[in-house]
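Structure record follows, encoded as structure tokens.
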Amino acid sequence: MIKKLIFALVVTAATYCVTAQNNGPSFTRGKQLYTDYCLTCHQDDGAGVPKLNPSLINSSFVSGDKKKIISWVLQGTTDKIEIDGKFYSNNMPAQNYLTDQQIADVLTFIRGSFGNKYSAISPADVKAIRAGIK
Amino acid sequence: MKLKQPSILCFILTFCFSANLLANCNDTLENKNAAPVTANEDASIVLPVGFTAVRFADSLGEARHLIVAPSGKVYVKLSAQLKGAAIYELTDANGDGRAEIKTGFGAFTGTGIGLHNGYLYASSDNDVFRFKVDAAGNVLNPKEPETVIFGLINRHQHEAKSFTFDNEGNIYVNIGAYSNSCQEKDRTKGSKGMMPCPILDSAGGIWKFSANKLNQTYSDGTRYATGLRNVVGLRWNTNTNSLFVMQHGRDGLHDLYPDMYDTKQSAELPAECMYELKQGDNCGWPYMYYDPFQKKKILSPEYGGDGKKEPTENYKAPAAAFPAHMAPNDLLFYTGSMFPEKYKNGAFIAFHGSWNRSPEPQKGYLVAFVPFKDGKPTDNWEIFADNFAGGPAYISPGKAKHRPCGLAQGPDGALYVCDDSGGTIYKITYKAQ
Numbered sequence: 001m002i003k004k005l006i007f008a009l010v011v012t013a014a015t016y017c018v019t020a021q022n023n024g025p026s027f028t029r030g031k032q033l034y035t036d037y038c039l040t041c042h043q044d045d046g047a048g049v050p051k052l053n054p055s056l057i058n059s060s061f062v063s064g065d066k067k068k069i070i071s072w073v074l075q076g077t078t079d080k081i082e083i084d085g086k087f088y089s090n091n092m093p094a095q096n097y098l099t100d101q102q103i104a105d106v107l108t109f110i111r112g113s114f115g116n117k118y119s120a121i122s123p124a125d126v127k128a129i130r131a132g133i134k
Numbered sequence: 001m002k003l004k005q006p007s008i009l010c011f012i013l014t015f016c017f018s019a020n021l022l023a024n025c026n027d028t029l030e031n032k033n034a035a036p037v038t039a040n041e042d043a044s045i046v047l048p049v050g051f052t053a054v055r056f057a058d059s060l061g062e063a064r065h066l067i068v069a070p071s072g073k074v075y076v077k078l079s080a081q082l083k084g085a086a087i088y089e090l091t092d093a094n095g096d097g098r099a100e101i102k103t104g105f106g107a108f109t110g111t112g113i114g115l116h117n118g119y120l121y122a123s124s125d126n127d128v129f130r131f132k133v134d135a136a137g138n139v140l141n142p143k144e145p146e147t148v149i150f151g152l153i154n155r156h157q158h159e160a161k162s163f164t165f166d167n168e169g170n171i172y173v174n175i176g177a178y179s180n181s182c183q184e185k186d187r188t189k190g191s192k193g194m195m196p197c198p199i200l201d202s203a204g205g206i207w208k209f210s211a212n213k214l215n216q217t218y219s220d221g222t223r224y225a226t227g228l229r230n231v232v233g234l235r236w237n238t239n240t241n242s243l244f245v246m247q248h249g250r251d252g253l254h255d256l257y258p259d260m261y262d263t264k265q266s267a268e269l270p271a272e273c274m275y276e277l278k279q280g281d282n283c284g285w286p287y288m289y290y291d292p293f294q295k296k297k298i299l300s301p302e303y304g305g306d307g308k309k310e311p312t313e314n315y316k317a318p319a320a321a322f323p324a325h326m327a328p329n330d331l332l333f334y335t336g337s338m339f340p341e342k343y344k345n346g347a348f349i350a351f352h353g354s355w356n357r358s359p360e361p362q363k364g365y366l367v368a369f370v371p372f373k374d375g376k377p378t379d380n381w382e383i384f385a386d387n388f389a390g391g392p393a394y395i396s397p398g399k400a401k402h403r404p405c406g407l408a409q410g411p412d413g414a415l416y417v418c419d420d421s422g423g424t425i426y427k428i429t430y431k432a433q
């Protein structure tokens, strides 16, 4: 019983540590950036638009490899893409005019919102990917 | 422990029961507060007094457009396969208003479907095919469709190849522009509009082909009208003997030009326009949009516009204007005699529902009716069928339970509406009170 209790506490603490990064200033700035640059297509609840603009909730693009979502934001796409078995038609404009800090902030917000509980993204992560694209 | 379980179960049951009661109460209240409606126990949509809706079919997935044969059989086109098929033939064998027999065929996914001259036509996002149909409405060659038109441009955005027929053996096909406003980089802030817009050579308009020739492509057809961003709902009006279309207006005025348009203006501009087309018409996309408040054609900001400047070219004026971004996905002229006289020759429009109004509330998810007078739409359009989304909390593209997408008229004058979110087909009938 005590072991179980300790285990539960550890899990809770670990979860808190991961999500805690998502309540900081980066997350707050990211929320405003999301409103300014993402919300129209991906909607205020992150659910996107079926067949047109991908959902950001429980999406393998959001939860998976950081590199993938960072390069997606930097490069955009004009392809019809399949995400988790569903197809989306609208073009995603490249958001490469945003700074490394801004992209880190907005992705930290997305990865910590809409029910997502994934780790924060740092400007260094974005910088590394951006360097690879150029 | 053994004693506790029943009490927990009892608590859960009581909770569920009360929650259910509350939900039902809310439904009732909602209906009372709406315009005079007929309660539809079988289908949750709300309708004017005297009209009733039943679920003719459901669980069809992405049901885009549909057509009813003289026999009463319904054919529906799906944009996603259901058990390997993307056309379904639905038969109400016992006359209770619901289809008992569902037969799937045609693996190609798409939007358009129609009956013409002994054939069932259906489109993928690139091509138009047809199947021979016998007098009873049975498809004779479900595995061997003939190719009527092939190789139409499909670059994913605005890819639906909706179509309609005139009375002289022609088919009119929408080829939507694979762009929002023909910028060098689509939907990208600061990117200029291309001049002239190169998309218009092969898309952004309505193309006319023979309905009776096989294996046609661009060189066999003519560009009937241009400057139309995307048309999902189009219909030949047999009363005026002319083509009417509903355009999906452009998106993102605020996202692309935040200094020129605030989020409210961006939600309300531009109007979703109805056009009555003649051969050679140019409706002005991407160079202009229609502002329903100034009642003017306005030069697009990508082409030097400032929200006030008007284009110098003489573009076609819309026949009617509707609220922005509601996404008209089908248009039907009512020629039946079941509905009251005011509906005769008027237009029903299926508004799929907006997404480009955020952060403002979304709009649409309804079927509108526009009375016609002397072959022209009047200004006083009204909501005919509402509440497809499932209540105010569901008026959003991701949450809506149903999104009206296709319209058809039955031989008895009933109106059929299909939904590509819940896969439901509603059959709406009228009985004088």
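Same order as they appear, the protein sequences are chains A and B. Just so we're aligned: 132 in full-length UniProt numbering is position 132 of the first sequence, and the numbers increase by one with no gaps anywhere. Just so we're aligned: 407 in full-length UniProt numbering is position 407 of the second sequence, and the numbers increase by one with no gaps anywhere. In this text, a Cβ means the ideal position worked out from N, Cα and C, and glycines have one as well.
Beta carbon proximity, residue i to chain A, threshold 8 Å
i: Trp355 of chain B; result: yes
i: Glu159 of chain B; result: yes
i: Asp186 of chain B; result: yes
i: Met1 of chain B; result: Note on Met1 of chain B: pLDDT 36, under 50, position unreliable in the model; no value is reported.
i: Asp255 of chain B; result: yes
i: Glu30 of chain B; result: Here Glu30 of chain B scores only 31 on pLDDT, less than 50, and its place in the model should not be relied on; the value that follows carries that caveat. No, because no Cβ of chain A sits closer than 8 Å to the Cβ of Glu30 of chain B.
Within chain B, the residues that residue i reaches when beta carbons sit closer than 8 Å
i: Lys31 of chain A; result: In chain order: nothing, as chain B lies at least about 13 Å away.
i: Ala94 of chain A; result: Lys185, Thr188
Listed by chain order, chain A residues near residue i by CB distance under 9 Å
i: Gly398 of chain B; result: Gln43, Asp45, Gly46, Ala47, Gly48, Val49, Pro50, Ser55, Ile57
i: Gly390 of chain B; result: By Cβ distance, chain A contributes nothing, its closest Cβ being about 15 Å from Gly390 of chain B, past 9 Å.
Chain-ordered chain A contacts of residue i [CB-CB under 7 Å]
i: His325 of chain B; result: Those do not exist, as His325 of chain B stays about 10 Å from chain A at its closest Cβ, beyond 7 Å.
i: Gly252 of chain B; result: Thr40
Expected contact under 8 Å - CB spacing of residue i and residue j to nearest Å
i: His419 of chain B; j: Ala63 of chain B; result: What sits at residue 419 of chain B in the sequence shown is Asp, not His. About 6 Å separates the two Cβ atoms, so the contact holds.
i: Phe322 of chain B; j: Glu272 of chain B; result: 4 Å
i: Gly118 of chain B; j: Val133 of chain B; result: 6 Å
i: Gly406 of chain B; j: Ala350 of chain B; result: 6 Å
i: Phe339 of chain B; j: Asn239 of chain B; result: Not quite, the Cβ-Cβ distance comes to about 15 Å (not below 8 Å), so this is no contact.
i: Pro397 of chain B; j: Trp355 of chain B; result: 4 Å
i: Tyr178 of chain B; j: Ile206 of chain B; result: With 8 Å as the limit, Tyr178 of chain B and Ile206 of chain B do not qualify as a contact, their Cβ atoms being about 16 Å apart.
i: Leu253 of chain B; j: Leu269 of chain B; result: 6 Å
Within-8 Å CB hit, residue i to chain B
i: Asn23 of chain A; result: no
i: Val18 of chain A; result: Because Val18 of chain A sits at a pLDDT of 47, beneath the cut-off of 50, its placement in the model cannot be relied upon, and the following sentence gives the value as read from the coordinates. Chain B contact via Cβ: absent.
i: Ser113 of chain A; result: no
i: Ser71 of chain A; result: no
i: Ile133 of chain A; result: no
i: Thr99 of chain A; result: no
Nonlocal neighbours in the same chain, by C-beta distance under 7 Å from residue i, ignoring five residues either side
i: Ser71 of chain A; result: Ile129, Ile133
i: Phe27 of chain A; result: Thr108, Phe109, Gly112
i: Ala122 of chain B; result: Lys77, Ile87, Gly106, Gly110, Gly112, Ile113, Phe129
i: Asn26 of chain B; result: Model confidence at Asn26 of chain B stands at a pLDDT of 30, short of 50, so the residue's coordinates are unreliable; what they give is reported in the following sentence. Within the same chain, Asn26 of chain B has no close Cβ partners at all.
i: Asp125 of chain A; result: Lys66, Ile70, Ala104
8 Å Cβ cut-off: residues of chain A touching residue i
i: Ser421 of chain B; result: Pro50
Close beta carbons around residue i, own chain, < 8 Å, minus the five adjacent residues each side
i: Lys80 of chain A; result: Phe87, Tyr88, Ser89
i: Ala19 of chain B; result: Residue placement at Ala19 of chain B is poorly supported in this model, since its pLDDT is 36, which falls under 50; the coordinates still yield a value, given next. The answer is none, since no qualifying residue turns up.
i: Pro36 of chain B; result: Reliability of the predicted coordinates at Pro36 of chain B is poor, the pLDDT of 38 falling under 50, and the value obtained from them is presented with this limitation in mind. Contacts found: Pro48, Val49.
i: Thr77 of chain A; result: Asn91, Met92
i: Ile425 of chain B; result: Arg55, Phe56, Ala57, Asp58, Leu60, Ala63, Leu66, Val74, Val76, Leu90, Ala99, Tyr416, Val417, Cys418, Asp419
Sequence-distant residues of its chain with Cβ nearer than 6 Å to residue i (five each side left out)
i: Tyr430 of chain B; result: Gly50, Phe51, Met338, Phe339
i: Asn141 of chain B; result: Phe131, Lys132
i: Cys126 of chain B; result: Per the sequence shown, the amino acid found at residue 126 of chain B is Asn instead of Cys. The answer, listed in chain order, is Leu152, Asn154.
i: Cys182 of chain B; result: Gly193, Met194, Cys197, Ile199, Pro286
i: Gly390 of chain B; result: Lys401
i: Ile171 of chain B; result: Phe163, Phe165, Phe209, Ala211
i: Val232 of chain B; result: Ala160, Ser162, Asn329
Proximal residues of chain B, C-beta to C-beta of residue i below 7 Å
i: Lys80 of chain A; result: His156
i: Ser89 of chain A; result: His156, Gln157, Glu159
By the 9 Å beta-carbon criterion, what residues does the stretch 271 to 293 of chain B contribute toward chain A? Those residues of the stretch 271 to 293 of chain B that come within reach of chain A (Cβ to Cβ, closer than 9 Å) do not exist; the list is empty.
Check each residue of the stretch 111 to 123 of chain B: if its Cβ is closer than 8 Å to any Cβ of chain A, include it; give the result in chain order. Residues of the stretch 111 to 123 of chain B with a C-beta atom less than 8 Å from some C-beta of chain A do not occur.
Relative to chain A, which residues along the stretch 216 to 238 of chain B have a C-beta separation below 7 Å, given in chain order? Within the stretch 216 to 238 of chain B, no residue qualifies.
Under 7 Å, CB to CB, which of the residues in the stretch 356 to 370 of chain B have a partner in chain A? Along the stretch 356 to 370 of chain B, the positions whose C-beta sits under 7 Å from a C-beta of chain A are Asn356, Ser358, Pro359, read in chain order.
Using a Cβ-Cβ cut-off of less than 7 Å, give me the residues of the stretch 133 to 159 of chain B that come near chain D, in sequence order. Reference to chain D is not applicable here, since the protein chains of this structure are A and B.
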